[in-house]
Structure formats: structure tokens, C-alpha cells
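Engineer: Input: one structure, supplied below.
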Amino acid sequence: MNIKSKYLGFDLRSPLVASASPLARELDNVKKMEDAGISAVVLNSLYEEEIRVEREALMHHLEYGTESYAEALSYFPEPEVFYAKTDAYLEHIGKCREAVDIPIIASLNGSTLGGWTDFAVKMQEAGASALELNIYSIPTDFDMPGADVEQMVLGIVRAVKSAVSIPVAVKLSPYYSNMAYTAKKLDESGADGLVLFNRFYQPDINLETLETEPNIILSTPQAARLPLRWIGILYGNVEASLAATSGIHYAEDAIKMLLAGADVTMMTSALLKFGIDHVKDVEANLVRWLEENEYESVEQLRGSMSQQKGTDASAFERAQYMRALKTYVVPNNDLA
Amino acid sequence: MTNDIATLDGNEAVARIAYKVNEVIAIYPITPSSPMGEWADDWASRGQSNIWGTSPLVIEMQSEAGAAGAVHGSLQRGALTTTFTASQGLLLMIPNMFKIAGELTSTVFHIAARSIAAQALSIFADHSDVMAARSTGFGMLASASVQEAHDFALIAHAATLKSRIPFLHFFDGFRTSHEVSKIHLVPDEVIRAMIDDDLVMAHRNRGLDSDRPVLRGTAQNPDVYFQGRETVNPFYLATPDIVEEAMQQFGELTGRHYSLYEYHGAPDAERVVVMMASGAEAAQEAVDALNAQGEKVGVLKVRLYRPFDVDRYMAAFPATTKSIAVLDRTKEPGSTGEPLYLDTITALFEGWPHGAMPMVTGGRYGLSSKEFTPAMVKGVFDNMLADQPKNHFTVGIVDDVTHTSLDVDPEFDVESDSVVRALFYGLGSDGTVGANKNSIKIIGENTSNYAQGHFVYDSKKSGSMTVSHLRFGPQPIHAPYQITRANFIGCHQTIFLEKYDILKDAVKNGVFLLNSTAAPDKVWDTLPKSYQEHIINKNLSMYVIDAYKVARDSGMRNRINTIMQTCFFAISGVLPREEAIEEIKKSIKKTYGKKGEEIVKMNLVAVDNTIENLHEVTVPDAVTSSAGFLPPVAAGAPEFVQDVLGTMIGRRGDELPVSAMPIDGTFPTGTTQYEKRNLAQEIPVWDPDVCIQCGKCAMVCPHAVIRIKAYDEAVLDNAPETFKSTAARDRAWEGMQYTIQVAPEDCTACGICVDVCPAKNKQAAGLKAINMAPQPPIREQEAENWDFFVNDIPETPRNLIKVNSIRQQQVQQPLFEFSGACAGCGETPYLKLVTQLFGDRAIVANATGCSSIYGGNLPTTPWSHNDDGRGPAWSNSLFEDNAEFGLGMRVALDKQIEYATELVQRLSGEIGGTLAEAILNADQSDEAGIFEQRERIATLKERLSNIDSPEAKQLLTVADNLAKKNVWIIGGDGWSYDIGYGGLDHVLASGRNVNVLVMDTEVYSNTGGQSSKATPRAAIAKFAAGGKPSPKKDLGRMMMTYGNIYVAQVAMGGRDEQTLRAFLEAEAYDGPSIIIAYSHCIAHGINMKTAMQNQKAAVDTGQWLLYRFNPALAEQGKNPLSLDSRAPKKPVSEYLHMENRFRMLEMSRPEAASVMFEEAQGDVIKRWETYQYLAQRPYSPVENGDGAETDD
């Protein structure tokens, strides 16, 4: 069975890609991923904000209380070199590239325009095959119109594209007033791929301490519905590659995404939950399904149920949702 | 600009040479010499080489005595070896120094000379330490400046190799050791030329070697010891020539010429002053100025003090000399004069070559860095003109007791107009000093100007004022004294305006720069009257900037250093503005580059923003303000506090005469309450409706500014309108009212109270029962409330307080308050707890360290007393002997109790058998018992006063000992784990009833965070720059092995109930006890506000175990060890990542960090398993006894 796929211009052995996760921090895991058949790896994200905060904290603690009291004018020796997370991250890119043949996609979350471009260049220099811009922010400025938010994102993409020569994918949140327009604009701005969608860690309230806490919940297959819809809508309307992420746990999830038009499907939660070798089962089941359903290749399957090519174009639009609601039957004892 | 120029301080200047010419360096921290060891350790950790291409081996020892021993051993093995020390440290080295000299061993000890503790400790400069070592046989070479300290370090090393006489190379602590100065560096090739490898090899060949064994260090008897001692004479006789030759060689190689005794002044001078070290520089300035006025005076600088070369010394005086004044920077009470004076008298008698003997006077100056100025030198010269000059005089103080002091004309000024003089007043936290050090480097290294920076710090660790004294000029600067005539004055904090008359030092047409939130057109009206007068009368230009706003806008948060530095360059004209800004930017990139581009960027932005926000103020013609200065102490303070301590607080302590000072170093306690520092921008505010009255906020408050009382409602009748109170929730206090009150003017705004408060506001979960709020709007109201709380609400009767419950116990009055400790200090809550529980009967022996400084540094004292006048009696002996010091107190107390008991028994008939019996058999195990015993003793004393017998009089003076008193021996880990460990071990083994409290910060906090044996594995600390590779010493387990010592390990932030329980048990145990208390510290690199969370994490991860080992349980056949920690529930890395001391290792040596972090986890597991085994093992009762020789 030919499951070869193409993403960001790379020829991949399969459409199964590992998305950014803590797993990719370890070189051994990246090797295991390649061995298990994963066709490309997105490294965990480098957060500019985190680096900045780390640097500021270092500065603060190195200076706090110094030059105040005659006997203790400082409290720490000052090492000759500070390796920031950036250094370690860049080094990791290089090591991964050396260790495996599959594309290594570095993931970046910037907090300033300069940060986006500077780190992007460094990642390219470190050997990244491609970049994934992890645009991870919740606009909370009450005075900022939605259009400005979109312009900011487009500005980042243009700036990074003009700074690097490797392919650039954009990982987006679904929270745009018109995703189709935003996607089109990103496409026009030079994005080589769109990764749909970013999942934000949502805060939770601890009832014991009455404090808000970050609560990391791994995705479930239900989370796949949102990217499924938008991939189905975007397929054929943008030149950029489309990557589906969120809720892809099993072969069935991947197949649905491919049917909707994804070039690749990305997995994180399933690998964290079931282990890296889980991808072998996914691939085997994918192949089996393709064979059972007499497909020749993934390429043949791709986009066949997109809005453009599917049987029911309206299925991806809002009306479908309304209909689903109308036909939804409230199960007994499940009103929560 | 040649590349041999550098701008550095004296310590670095010396360490650079010492590092280059040694193979082994044994170190131990002591102010002000610690940075020399820190540099050496730092360079060694980076693998920097000496002149032979190898890195010296740097080893930290447990004390200076240990360092000297290690140096001695290393020398005996033939390695080139050095050490650095000062003050008490040098005293501890003296025994080895006699040996090293007696064995003719080449070495140089570099000394940042410092006062020796006498009536008080002082960290500042004088020569009492080196003079105490003058009989050791070491040569002594004195440097007067940073340049000389650099040069003489090499000359001393060259001379010691050739002469085989070991040398003390000394220079003035702080004045030279910490002065930043532009100097010419000695290039490596000169060092190579000065150090003769043949002599190095000869030194090595004299080392002990089993291939050619010898024996050195015999015991000699009366028949030969004397002769043996005289064998060294030829070496001492040859040494002056050798040093002179070394100086000549050095001069030829560098162009800097020195001689053993260097005269400066009129060739035909009649009056000559003689001095050593930095004071001679001030004398040189005075001499030049006086000679320019037509006088004939000179100064003779003594470089080589030992071996003393009479001939060269005498030859250095002009033949015309008629009067000599010898100035010593030390005091030898009871002597016929100070050392240099006596040597001069002897030299004159033995070798004056010029006919009539000059008149000689001697005097003291500059003790403990007392300012020594050209005006004082003139005073000395003036004295020499008198018909009967004062001898054995003092200069620089007013001695109104024995009238030794000379008059000084304060108007005598020798400062050249070509020298730019700038003063900067900042807070320790605002980076002013760091910025100024940077400015000196910029000017020193980018212009032909010479530059000098001297920095004056406060006595408090938190909220301290710093004063930077900077000079820049075309000629080398010989001005080792503070600036009193400044062309430029920068005030970086407006809070100083209402306290200090900063502009009194401004010269006419000078510049005043103020950081203020006031707009340029409004700032004038914010100035006190005195400031406006100075500005108008002296025609000062004034500039203003809102530096904090610029800092915030530039992403710099509260760091205004770069901004104020830019202002200085923009308006001082020291460098062309554009050039200066360019250099600042270059310097920012250099300084912050390795810390991240983000940090560089924000500083660069700040520079640009500064220029836009710096405004010249249009100065009106007339004074508009009537505001004066705040009084230094609160109204109503006792007379001594007003007159003496208040003068010190107002920074006018130099004006106090001798008669104002206590004669023996004794001071009243409880005086911090009068020094209202008003440091806090925000203070905690109590919300009685939310409060659950748990007492935790008061317990953790490091400065005892949160107080609780439970009281009768009736006292509220006269309460201020805003005074808060609520019904007491504790059942035992039913019907009573309850108040938590904050001392608004004493709070340091650390915020720990808010962090630990467990109560949440039901309507707004972000609020607790205590919340921070801006201080200025409520300062007055809360000050009034505080006053009412303290003075009008009675303390809750101690017999109503259940001490084993925190919510009740915290109502006890703290007798340790408002110390000078850092905001958020982790030690002081434990001390406060001791004073709450036992303060009215405590005698405290305090090891030197942080606790002796925030506890005993003038002007005011935090150890306090209650309304009955009872409270902790406190003393500090030394760093190394604190346990022994406390034991001495204990045995004295035991003897006094024994004697009082004997007398009560003997006098029982006269005082009444019932009373006697009640006194002798009193149960004082609780507060009520102690109270009753005190009542009985009062009755006893009353009866005794009517009995006219010698024994009754004796009993009257010792009777108070029959009421329970206890001894607390307190200190940090540097003392208990390292320098004082031997004594601590002995004292605990004595079985005597002493209570030891170790406040374990896991580093030498007071001297700036050097590693101790308490430092945990993987922590970066000074002297462990690469991360400490070995695990922390388990002091508690070591002490448990005795079996009869109560041992507890506590962490207040881990489990406060366990802490309280341990303190109660330790005191109750009739034998020795030790509590090891986890004390977070700014040297850990943590957020101090949430530091109790770090304590909790240390406990939760097993990094810090909580336990109590109570021998009293063993006596009952129970296992004495209670493990109060639960099994570690999180990996230790979670804790390590909370602290910069560990994180820095990851950032600087990631691979080493990964190994050490894993080993740290191994330490946790092993420790837990061991303690768990010990706590769970079956226990057979063993008769330990208490180990004491007496049956107390």
C-alpha cells in the first residue's frame, strides 16, 4: 500500500507525523519515533517569553541584594557562560538532524516580532528542516479589534518567511472570526503549511486551595471534530499544506482527516498515552483500512470527502450543526 | 590606550598576582578579604593558569586556622602557597605563622587589614590585625593604594622566595581592598622576570619528600632552643636588601619605582609625618598643599615594616628634620605608644645620623576606617608647631575624656579643580553602586583620566542607603578619603530628601540630579527648605528624571541603574555626551551579553529613553519650602537613644565625642523601636472578617511587625477610630477581643505573611485575611493604631496562653523586633519564636554572622525586653568559639545556682524554712511555676535586705538565679558546621543544659554566600562556583550518636507545628539540645515573598527532613527518634528548580547539573531510608545519663 505523503514540500513515507510534545525533548525518543515509522517530527516549542522570563529571573537573582551591604556585595559567583534554553534547543535540533533521516520541524512561539525572526534564523542555522510557528496567544486586550489580531499574525508570518529559506508552517488557534479568510491570507503571506489547531491549556479551579491552576488534559478523539471541519473546508482552497492535529489517536481518526483533505495527521496525546510504538498500530490499521476499502494509496483518498469533493458540501457549514442540535436526543441521567 | 590599564579594586588587583605565582591557595571567607579568595576560586574553576601554565589548586578550609594549617602543610611539601585573610582570621593564623617563619618558609599572606573585635566587632580598616602579628617573624610590607597593592603583591612574592622570610602583604580593608581604581597592570612577562624559577625549585626541593626524608618540627629543650631560634638572624638581616632589590628590579621593568621608606615633601622639611598604608596618600596630598603655601613639611611612607631597617629608615628623613609625628592606625592600650611610634623612637636612638635628635610625637588615626583627611594631617603638622605638642594624640575624633584629640580645621581643602568629584546616593536595591563601578570603568578605560570609586554602605541588610564617591582627573588620584566637596550630586531616591542634607557637600556651580516622580515644573516644591537654599546659594544646576517610570517603560522593572548612569554622563560633561552614550551601550553589551539578548535590549532601550526624559529644572530665585528634616528617632525615645543613637541614625556619628560612648561596649536593648525606617511602599492590612486567627502571619513575620493580642473589650474605649478588633475565636478566650496589628513604619514589605495566610475572602478569592496595601495613605492612621496597640492594650497574660498551639502561642510578645535583617529573612522568625517562648529568661550567645549583625550592629538593637524589664541578655564573642562562649555562660549560671542554693539552705532559718523549701523545690516547668518562683524570690530578697550578714548580702546578688534561666547558643551553619564545629561538638557532649539553635542557610550568608559543609550537593555558591559536588553534612545525625542530646531538624515553612514542638521540647529537656532550622536566604536566589513555599518543597521532596530525637523518650524505653516528615512525594528536582543556586548549575554546566541532580535525588533516597530505619527500629532502653560531670 502506498501511504507516501507530502508535507511542506517533503516526501514522507506516511501521513503520520509527531506533533510538538515533551517526548521530542529527548533525542532517544526522536530516534524511536523514526524507528516506529513516524514520518516527521515537530519538536517541542521554544517559547521566547519563557526564555525572557528565565533570563530576567537569572538577572534578578544574580543582582538581588547585591551592592547593599558591605560584607556581602554579591551572593553568587558568576559563571563564564550561561546556556539558555535557546542554546540547548538549537543544539537539540542539530543532534536530531544528525541522528535521524526524517524531517525535523522546529517549533517556535515568539513574543516579539524580533524574537520570531531571530529565533527562526537560528533554528534554520541549527539544521531545522522546517519551522512550525506556534502562534499561541489569547488576545485579551479589550481595545484591540479582531482584524488587528489577524494582521499581527500575518505580520509574523511575513517576517519569518522573509528571514528564512526553509518551509514555514503556521499552527493556528480556531478563534478567528473568519477562519477561511485568515487561512487564505496566511496562504497568501507565504505560509507553506497550516496546522489545525492549536490547543490551549485551559485554567482550572482547585476547590481545595481556591486557586486557578493550569490543567493539562490530553486530547480525546472528540477533539478532532474541529480540525476535521476546517480541513474539509480549506482543502483545495489554499496552496499551503494542511496538517491535522488534535484528537488523532487511532487510524480511524487519521483516515477521517485524510478524507477531509489533510496532507498529514499529527499525534501527541496518543503517543504520550500509549507510547511511541502506538504509531505502528495506527499505521497498520490505516493500511488495513485502505486495503479493505480498496484504495490504492493515501493520495487517492486525500480530500475525497472535503467540502469541494464530498457528497454534501453543506455538511461542513453551520447548518449542519443546527441540524445536529435539533436531532440530538438528551440521554437519560446525563444532563450535566 | 595601552592594554595594561585596568579599572579594578584592590582585592582583585592583589588576587591577580597571587593567583599567577602560586600553586596552592587555601581560603576561608572573612570581610573584607573574601573577594580575593572568590576571585581565585572563580579563576580556578575556569581553568585559568598561573605563570607556569597550570591552574592553582584552590581549597576552602573550615576556618582561618585550618587555612593556615593547610598552607603550612602545603609549604612543607614544597608547593608555592598563599592565603588571604583579615582581622580575626589573621589572629587564628598566628600559631602557624610562627612555625612558617621559624622554618624559613617562603610564602605571602595577603591581608585586607581590618579592626580586631574589642569592645565591638568592626569590619572596617585599621592595622590592629597586622600589628598583632608583628612578632610572628613574617616580613611586613604595606601598600597604600590599589596600584601599590597590585605591585607589592608581586614584590613580596619575589622577595619571599629569595629571602626565605614569609611575608604579610597588607593594605587597608575597604579603603584599598574595595576601592575601584584605574591602575597599570603588571604584564605576565614582568611577573615571569620577577619570579626566579631557581628559587621556586629550591623552595620545592626543601619540601618533605619520602624519597629524601628529613624531619622538621622537633621539640627542643632548654639546652638548644635558644640557639636554634637565633639561627634565622642572617636571613632577617639580608631581607631589607632583598626587598629593595626586588623594588629596583620592578622599577626597571615597569617604570614604577618604590623604596622601603619613601619620603615625599620638601627636601629641607622640618616637620615630617610617618605613616603606613593608605593614610600616607592623604598625607601626601596635605604635604603638597602645605608646601605650596610655603611650609616645609614632608611625609615618610613606611613600606617595609618588618624586618625593620633602621639605617634605611633614618636615611630617608631629610637632615633638616626637627619634628617627627608617627601615626599608627591601631591602638595598644597600656603601651607606651603604638608600634610604629615605638619603632621610630628606637630607630632614632639607635641610628639618627644627623646630629640633634628630632622631637617625636605619636598618635592614632583612622581606627575602623575613621576618615583620615588632609585636614587631619594639617592638624598633626600644626600640633608639631606647638610649644608643647600633644603626644599620644588622636586625630579624627573628639576625645573629651582624656583629651588626646587634635584640633582639625575642616575648611582645609586640597582637592584640585581638575578633579571631577561626584557623589551618588542610592538604595542597595536600585543598582546605583553597580552602575557607578561601571561608569568608572568606562571613564578609566576610555579616556586618559584616572578614576577612583569608593563606596559606603549602610549597617542594615535591607533598605540600606549606599553612597558612591567617584573622582576623575588627569593625574593619579591620591585621595583615600570621602568626598565632601562634590561637583555633581545624584540623589537616586526621594526618600533621602526628608532625612539627610545631601547637598551640604555640593560646591558652587555644581550639578544636582534627582530621581523623582515630580514633573520638572513641580519638583522644586517637593524639596525641603535646606535643599532649596543650597541650590540657590550655591547656584547649582538641577536636573530631574522619573527614573522608575523610564525603567518600567523600558522593561527594566525597578532597575534604575542604567538610567541614572546615563543621566550622569549626559549632564556631567566628563565625556562628550554622544561618546559617553556609545560607551555605555558598549558596556551594556559586554556586561549583560552572556545573560541574554533580552537583557541587553532592555538596557539599550532604557538608555535611549533616558535622554528623552531627563529635564533641567528652572530654579526659582526664592526658597518656597518650609519643610525641615524628619527627626532621626521617634519622639519620646529615651535620652541615650535621642542623643547618641539618634546621632548615629542621622549619619552624624562621627560627631559623637568619646564621652558619648559606653565605656565597655554595653548598650541598652530594645532600641530598634525608635528607628522608624519607613522602608515599605506597601504594608499588610488585616481583614478581621476573613481572618481565622491561626497566628501564622505573625509567626513567619521576620521583623516582628505583625503582632497579636487577645484582650478585654473595655480597653477599646479609647481606641483610635480606625483601630480594628473582632471577637476572639479561640474557646479559651471566649468573650475577649482579638486584634492583629501591623507596625507600619517598621515593616519591610516582604509579603511572607500574605503568602502563608490560609484564609480566603469569600467574595474575592484573590484576597486573604491579610493583604498588601500602599503604605503612604495609611501610614499615619496605622502608626496611631500601632501606638495604641502597643501602649494601651495590655499583653495577653502568659498564663492564659497555651504555648503548644500556634494560634495561642503567637500572642506571646516577641522580644526580638525590627532587626536589620533582609526583607523576608528566613532566620529571624526562629529567633523571634525563641524570644516569645523563653525570652524573659534567656541569655544568648550569638556566633558572628548574619545574626550577630542584624542582631547587634549599631545604631540600634532588636533584642528587646518586656514591661517588667526582662528580656534576652545577648552577647557575641567570636565566630569560632560561640558554643564554648555559651557553655561558659551556662557553667557560670550553674555555679551561681549552686551557690544560691547553698546559701538558701544555710540561711533557711533566717529567711524562713517554708520559703526556703518552696524555693528549693519549686516546679518551674511551666510559665506559672516560673512566675511563682519569681514571686518567692522577690519575697526572699525583701527578707534578705533586712538581714545584716555577709552571706545574706551574697545571696541577695545571686538569688535571681534560682528562677529559671536558660542559655541559647545561636548561629549559622558557617559557625556550627565549619569553624565552630569542634567546640559545638564538645559543648553538646558536655551534657550541660544548653540550647543550640543553628539557623542553617546552607552558605556563609553574611560574607556573601560562600559554600559551607551545610551547602547541599549541586548548589552553586562562592567557593563552589562549579556546583558543590559533595553532599551536605548531616549534623543532626552526628549529634544523635551521643544519645543524650536532644536533636531536632525543623523548617517553619514545612510544618510550623513541628517547629514549635521542637523548640518547646528542646528547652524542656534537661540536657544539651540542638535545633537545626532550615533558613531560606537571599543567597539561595529565591523569591523571598514565597520563600516558605521553598521550605515546604524542601520538606515535601525529602531534601530537608523533619525529625525530633528526644533522649527523654529513650529513658522510657521508646525509640527517641520521631520522623516528622512524610515519605518524599515529589522528585527533588522540583525543589531544586525553585532556586537559582541550583538552576544556575543547569544554565552554566548542564551536563554536570544532570549528574549532580541525579546524585541529589540519591542523597534524598538514602537519607530517607536511613532515617526511616532509625525511627522504626526496635529500641532497647539504655542508661545514657546526661553525660555531665555534675549532677545538675
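Taken in order, these protein sequences are the chains called A and B. Start counting the first sequence at 3; every next residue gets the next number (the working numbering). Start counting the second sequence at -13; every next residue gets the next number (the working numbering). Positions of the beta carbon are idealized from the N, C-alpha and C atoms, including for glycine.
1. Could you work out which residue in B:63, B:6, B:1001, B:221 is closest to residue 88 (chain B) when comparing CA atoms only?
2. Do residue 793 (chain B) and residue 826 (chain B) count as a contact pair if the criterion is CB distance below 7 angstroms?
3. Which one of B:912, B:937, B:886 has the shortest CA to CA distance from residue 923 (chain B)?
4. For residue 849 (chain B), which of helix, strand or coil comes out of DSSP?
5. Is the CB-CB distance between residue 340 (chain B) and residue 416 (chain B) below 7 angstroms?
6. In chain order, which continuous runs of the alpha helix (DSSP H) of length 4 or greater are located wholly inside the segment 63 to 130 of chain B?
7. Have a look at B:1147, B:376, B:401, B:521 and flag the residue whose alpha-carbon is nearest the alpha-carbon of residue 609 (chain B).
8. In terms of alpha-carbon separation, which member of B:836, B:757, B:692 lies closest to residue 725 (chain B)?
9. Which stretch, first to last residue, makes up the beta strand (DSSP E) that contains residue 528 (chain B)?
10. Determine the direct distance from the alpha carbon of residue 1014 (chain B) to that of residue 1262 (chain B), and round the result to whole angstroms.
11. Could you spell out the range, first to last residue, of the beta strand (DSSP E) harbouring residue 438 (chain B)?
12. Please tell me whether residue 443 (chain B) has its Cβ less than 7 angstroms away from any Cβ of chain A.
13. Counting contacts by CB-CB distance shorter than 7 angstroms, is residue 950 (chain B) in contact with chain A?
14. Taking the C-alpha atoms as reference points, what is the distance between residue 1001 (chain B) and residue 138 (chain A)?
15. Interface residues of chain B around residue 76 (chain A) at Cβ under 7 angstroms?
16. What residue ranges within the segment 190 to 244 of chain A form continuous alpha helix (DSSP H) runs of no fewer than 4 residues, ordered along the chain?
17. Answer yes or no: does any C-beta atom of chain B fall closer than 7 angstroms to that of residue 85 (chain A)?
18. In whole angstroms, what separates the C-alpha of residue 1152 (chain B) from that of residue 96 (chain B)?
19. Would the beta-carbon of residue 60 (chain A) fall within 7 angstroms of that of residue 69 (chain A)?
20. Can you tell which of B:528, B:51, B:105 has its C-alpha closest to the C-alpha of residue 83 (chain B)?
21. Look at the Cβ atom of residue 1096 (chain B), then the Cβ atom of residue 1051 (chain B), and state whether they are nearer than 7 angstroms.
22. State yes or no: is the beta carbon of residue 1182 (chain B) nearer than 7 angstroms to at least one beta carbon in chain A?
23. Could you work out which residue in B:940, B:384, B:402, B:348 is closest to residue 378 (chain B) when comparing CA atoms only?
24. Would residue 592 (chain B) and residue 548 (chain B) qualify as a contact pair, given that the criterion is a beta-carbon distance under 7 angstroms?
25. The segment 233 to 260 of chain A: which residues have C-beta closer than 9 angstroms to a C-beta of chain E, in chain order?
26. Looking at C-alpha atoms only, which residue of B:743, B:785, B:-4 is the closest neighbour of residue 1075 (chain B)?
27. Taking the Cβ atom as the reference point for each residue, do residue 262 (chain B) and residue 408 (chain B) lie within a distance shorter than 7 angstroms?
28. For residue 13 (chain A) and chain B, any beta-carbon pair shorter than 7 angstroms?
29. Is residue 197 (chain A) near residue 245 (chain A), with beta carbons less than 7 angstroms apart?
30. Hey, how far is the Cα of residue 1033 (chain B) from the Cα of residue 695 (chain B)?
31. Can you give me the C-alpha to C-alpha distance between residue 237 (chain A) and residue 269 (chain A), rounded to a whole angstrom?
32. Indicate whether at least one CB of chain A lies closer than 7 angstroms to the CB of residue 1126 (chain B).
33. Under three-state DSSP, which class holds residue 978 (chain B)?
34. For chain A, check one thing: does any of its Cβ atoms lie closer than 7 angstroms to the Cβ of residue 28 (chain B)?
35. Could I get the ranges of all uninterrupted beta strand (DSSP E) runs contained in the segment 1039 to 1091 of chain B, with 3 residues as the minimum, in chain order?
36. Check residue 42 (chain A) in the structure and name its three-state DSSP category.
Structural biologist: Once the coordinates are examined:
1. Translated into positions along the second sequence, residue 88 (chain B) becomes position 102. In terms of Cα proximity to residue 88 (chain B), the closest of B:63, B:6, B:1001, B:221 is B:221.
2. Mapped onto the second sequence, residue 826 (chain B) falls at position 840. Mapped onto the second sequence, residue 793 (chain B) falls at position 807. Cβ distance not < 7 angstroms, so residue 826 (chain B) and residue 793 (chain B) don't count as in contact.
3. Within the second sequence, residue 923 (chain B) is the residue found at index 937, counting from 1. For residue 923 (chain B), the nearest C-alpha among the options comes from B:886.
4. On the second sequence, position 863 is the one that residue 849 (chain B) refers to. In the structure shown, residue 849 (chain B) sits in a strand (DSSP, three-state: E or B).
5. The count along the second sequence starts at 1 and reaches residue 340 (chain B) at position 354. The count along the second sequence starts at 1 and reaches residue 416 (chain B) at position 430. No, the pair does not count as a contact, with Cβ atoms beyond the cut-off.
6. Segments of the alpha helix (DSSP H) lying fully in the segment 63 to 130 of chain B: 73 to 88, 114 to 118.
7. Counting from one through the second sequence, the residue named residue 609 (chain B) turns up at place 623. Closest by alpha carbon: B:521.
8. For the purposes of this step, residue 725 (chain B) is taken as the residue at position 739 of the second sequence. With distances taken between CA atoms, residue 725 (chain B) lies nearest to B:692 out of B:836, B:757, B:692.
9. Taking the second sequence and counting its residues from 1, the one referred to as residue 528 (chain B) is at position 542. Counting along the chain, the beta strand (DSSP E) containing residue 528 (chain B) begins and ends at 527 to 531.
10. Limits of chain B in this structure are -13 at one end and 1178 at the other, which puts residue 1262 (chain B) out of reach.
11. Looking up residue 438 (chain B) in the second sequence gives position 452. Per DSSP, residue 438 (chain B) belongs to the beta strand (DSSP E) from 436 to 442.
12. In the second sequence, counting from the first residue as 1, residue 443 (chain B) sits at position 457. Chain A, which has a Cβ nearer than 7 angstroms to the Cβ of residue 443 (chain B), makes this yes.
13. Start at 1 with the first residue of the second sequence, and residue 950 (chain B) comes out as number 964. Residue-level contact check: residue 950 (chain B) does not touch chain A, since none of the beta carbons of chain A fall below 7 angstroms from its beta carbon.
14. The residue labelled residue 1001 (chain B) in the question sits at position 1015 within the second sequence. The residue labelled residue 138 (chain A) in the question sits at position 136 within the first sequence. Roughly 41 angstroms separates the two Cα atoms.
15. As a position in the first sequence, residue 76 (chain A) is number 74, starting the count at 1. Ordered by position in chain B, the residues that pass the 7 angstroms Cβ test against residue 76 (chain A) are 994.
16. The segment 190 to 244 of chain A contains these whole alpha helix (DSSP H) runs: 227 to 236.
17. Taking the first sequence and counting its residues from 1, one reaches residue 85 (chain A) at position 83. It does: the Cβ of residue 85 (chain A) has a partner Cβ on chain B nearer than 7 angstroms.
18. By one-based count along the second sequence, residue 1152 (chain B) stands at place 1166. By one-based count along the second sequence, residue 96 (chain B) stands at place 110. So the two alpha carbons sit approximately 42 angstroms from each other.
19. Position 58 of the first sequence holds residue 60 (chain A). Position 67 of the first sequence holds residue 69 (chain A). Between residue 60 (chain A) and residue 69 (chain A), the gap from beta carbon to beta carbon reaches 7 angstroms or more.
20. Start at 1 with the first residue of the second sequence, and residue 83 (chain B) comes out as number 97. The candidate whose alpha carbon is nearest that of residue 83 (chain B) is B:51.
21. Within the second sequence, residue 1096 (chain B) is the residue found at index 1110, counting from 1. Within the second sequence, residue 1051 (chain B) is the residue found at index 1065, counting from 1. A contact, by the Cβ cut-off of 7 angstroms.
22. The structure shown does not extend to residue 1182 (chain B), since chain B is modelled only from -13 through 1178, so no value can be given for it.
23. The residue given as residue 378 (chain B) occupies position 392 in the second sequence. For residue 378 (chain B), the nearest C-alpha among the options comes from B:348.
24. In the second sequence, residue 592 (chain B) corresponds to position 606, counting from 1. In the second sequence, residue 548 (chain B) corresponds to position 562, counting from 1. Taking 7 angstroms as the Cβ cut-off, residue 592 (chain B) and residue 548 (chain B) qualify as a contacting pair.
25. Protein chains A and B are contained in the structure displayed, whereas chain E is not.
26. Within the second sequence, the letter at position 1089 stands for residue 1075 (chain B). Residue B:743 is the option with its Cα nearest to residue 1075 (chain B).
27. In the second sequence, residue 262 (chain B) corresponds to position 276, counting from 1. In the second sequence, residue 408 (chain B) corresponds to position 422, counting from 1. No; because the gap between Cβ atoms is not below 7 angstroms, this pair is not in contact.
28. Residue numbering aside, residue 13 (chain A) sits at position 11 when the first sequence is read from its first letter. No, residue 13 (chain A) does not count as interfacial toward chain B.
29. The count along the first sequence starts at 1 and reaches residue 197 (chain A) at position 195. The count along the first sequence starts at 1 and reaches residue 245 (chain A) at position 243. Residue 245 (chain A) sits close to residue 197 (chain A), with the two beta carbons spaced by under 7 angstroms.
30. In the second sequence, counting from the first residue as 1, residue 1033 (chain B) sits at position 1047. In the second sequence, counting from the first residue as 1, residue 695 (chain B) sits at position 709. For the pair residue 1033 (chain B) and residue 695 (chain B), the Cα-to-Cα distance works out to about 32 angstroms.
31. Mapped onto the first sequence, residue 237 (chain A) falls at position 235. Mapped onto the first sequence, residue 269 (chain A) falls at position 267. Using only the alpha carbons, I get a separation of about 20 angstroms.
32. Within the second sequence, numbered from 1, the residue matching residue 1126 (chain B) stands at position 1140. Yes - at least one Cβ of chain A is within 7 angstroms of the one on residue 1126 (chain B).
33. Translated into the one-based positions of the second sequence, residue 978 (chain B) becomes position 992. In this structure, residue 978 (chain B) counts as coil in the three-state DSSP scheme.
34. Here the question's residue 28 (chain B) lines up with position 42 in the second sequence. Closer than 7 angstroms to some Cβ of chain A, the Cβ of residue 28 (chain B) qualifies, so yes.
35. Whole beta strand (DSSP E) segments, 3+ residues: 1059 to 1064.
36. For the purposes of this step, residue 42 (chain A) is identified with residue 40 of the first sequence, where counting begins at 1. When secondary structure is reduced to three states using DSSP, residue 42 (chain A) falls in the coil class, being assigned neither helix nor strand.
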